[in-house]
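Beneath this line is the structure, given in structure tokens, with notes to follow.
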Amino acid sequence: MRSRFFIISGFILLSIASWYLLEGFILRNYVALIPILFSIQILLNDFIEMYLFIRLNSLWFKILIAPGTILHELSHAVAAKITGCRVTEISLFHLDARGNLGSVEYTQSRDGFSVLRNFIVGFAPFFGCGIMLVALLNLAQSYHHGEILTVSIINCQSVESILRSIALIIQRFYQQFLLSSLSPITILILYLQVCLGLGAAPSSVDFKGTFSSAVRHPVGTLILLFLFASIFYLGGYPLTSRYVVLLFKWILLILLVSVSLLMASIPLIYLGTKFMELSLTKKLFTLAIPLLVHLSINNTALTLLAFLITLLILRYSWVFLRPK
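For the sequence shown, my numbering gives the first residue as 503, with consecutive numbering after it.
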């Protein structure tokens with residue numbers, strides 16, 4: 503918990519410093535906004551995972567976050583291989599006291615580039631799970647002839663424009679529930695979206711490894727800072743600014759999709775845990791009523807409404823069914 507506090511505080515300070523130090527740079531808004539969104543992503547991810555860890559038994563917890571965990575750890579492993587590290591162990595579905603379900607152990611050469619390698623490996627799940635998350639959201643949109651999300655929605659010139667982007671992504675997510683036919687493919691895509699949303703945020707172990715490496719290897723840290731500074735300066739040249747801005751827009755798109763889907767999934771996760779708390783008889787009854795509604799009128803919105811009402815009445819029967 504303490505490490506998370508320092509990480510989030512560091513991101514906020516980085517955002518404030520970037521805003522004042524990069525005045526006049528074309529990337530100023532992007533660089534100042536990214537740490538803030540990372541902080542929100544981490545807070546939402548920790549809140550949801552801790553809630554699930556407390557509410558569900560270990561088996562259901564593993565099932566719910568398994569796809570996100572697998573892709574998260576595979577992203578670490580692939581990045582380690584690409585950067586020349588030697589992967590010694592990949593652990594999956596080993597639940598510890600903090601709710602962490604996997605880990606990747608690797609070794610590397612002790613040279614000036616170790617900080618850069620640790621940075622790439624540590625943040626690999628953000629891109630691995632994040633790109634897959636964007637792809638799944640667009641897959642659902644294309645499957646039902648919807649509009650594809652691209653970096654064209656990114657506009658960080660004002661707070662209002664960022665909030666509009668988040669509202670648009672949440673709207674696209676919930677539109678999947680209002681289809682005329684909620685097919686098994688759509689349900690699978692929705693499940694994977696929630697799982698990968700939880701897997702996209704770097705863990706405290708990832709941050710700790712990156713920052714501790716930066717402290718131990720000052721030369722490597724200077725190399726990494728030089729690379730970041732080079733990107734900022736390249737953003738000021740006409741020939742390269744387009745590609746640098748496109749890179750930052752993709753990072754922002756992944757962050758906005760991740761944050762938006764984490765926010766949108768909170769009510770669904772809450773309802774899911776309430777359903778798991780029911781007895782077997784009440785669970786069957788909760789599923790039977792919406793099924794009858796669906797068979798009678800074949801309307802997805804009314805079917806979901808019937809499920810919601812039945813679930814809340816049975817879960818909180820002491821409120822709805824108490825004798826007068």
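C-beta atoms are modelled at their ideal positions from N, C-alpha and C, and glycine is treated no differently.
If we count the other Cβ atoms within 10 Å of its Cβ and call it buried at 16 or more, is residue i buried or exposed?
i      : result
SER560 : exposed
PRO537 : buried
THR788 : buried
ARG619 : buried
PRO627 : buried
PHE713 : buried
GLN673 : exposed
PHE595 : exposed
THR783 : exposed
PRO686 : exposed
GLY526 : exposed
VAL717 : exposed
MET634 : buried
ALA669 : exposed
THR805 : buried
GLU551 : buried
VAL636 : buried
SER660 : exposed
TYR886 : Nothing about residue 886 can be read from this structure; the chain reaches only from 503 to 826.
Apart from the five residues just before and just after residue i, which ones in its own chain have a Cβ nearer than 7 Å to its Cβ?
i      : result
ILE592 : GLU575, ALA579 and VAL606
LEU780 : THR788, LEU816 and ARG817
ILE791 : ALA808 and THR812
PHE642 : Sequence inspection shows Ala at residue 642; the Phe mentioned does not correspond to that position. Hits under 7 Å: GLN678, THR688 and ILE691.
ASN547 : LEU700, ALA703 and LEU764
PHE621 : THR712 and LEU726
In chain order, what residues of the same chain lie with their CB nearer than 8 Å to the CB of residue i, ignoring the 5 residues before and after it?
i      : result
LEU639 : LEU651, ILE671, ARG674, PHE675, GLN695, VAL759 and LEU763
SER644 : ILE650
LEU810 : LEU773
Can you tell which of the options has its C-alpha closest to the C-alpha of residue i?
i      : options                           : result
THR585 : PHE555, VAL617 and GLU525         : VAL617
LEU700 : SER798, VAL795 and LYS564         : LYS564
VAL746 : LYS776, LEU529, SER819 and PHE507 : LEU529
THR571 : ALA702, SER819 and ILE550         : ALA702
PHE750 : GLY604, ASN801 and VAL533         : VAL533
HIS719 : SER611, ARG506 and GLY604         : SER611
GLY512 : LEU524, ASN531 and ILE544         : ILE544
Output needed for residue i: all residues of its chain with C-beta closer than 6 Å, excluding positions within five of it in sequence on either side, in chain order.
i      : result
PRO569 : LEU694 and CYS697
LEU796 : Note on residue identity: the sequence assigns His, not Leu, to residue 796. So the list reads THR805, once near-sequence residues are dropped.
Review point. Are the region 534-554 and the region 512-523 in contact at 8 Å, needing three or more beta carbon pairs?
Key: yes
Point to revise | Those runs of the beta strand (DSSP E) which lie wholly inside the region 601-676 and span at least 3 residues | key: 604-609
Check your understanding: Are there three or more Cβ pairs, one per stretch, closer than 8 Å when the region 649-665 is compared with the region 751-758?
Key -> The answer is yes - the region 751-758 touches the region 649-665, with three or more Cβ pairs under 8 Å.
Review point. Curious, which full-length beta strand (DSSP E) runs of at least 3 residues does the region 744-809 contain?
Key: Runs of the beta strand (DSSP E) spanning 3 or more residues and lying entirely within the region 744-809 do not occur at all.
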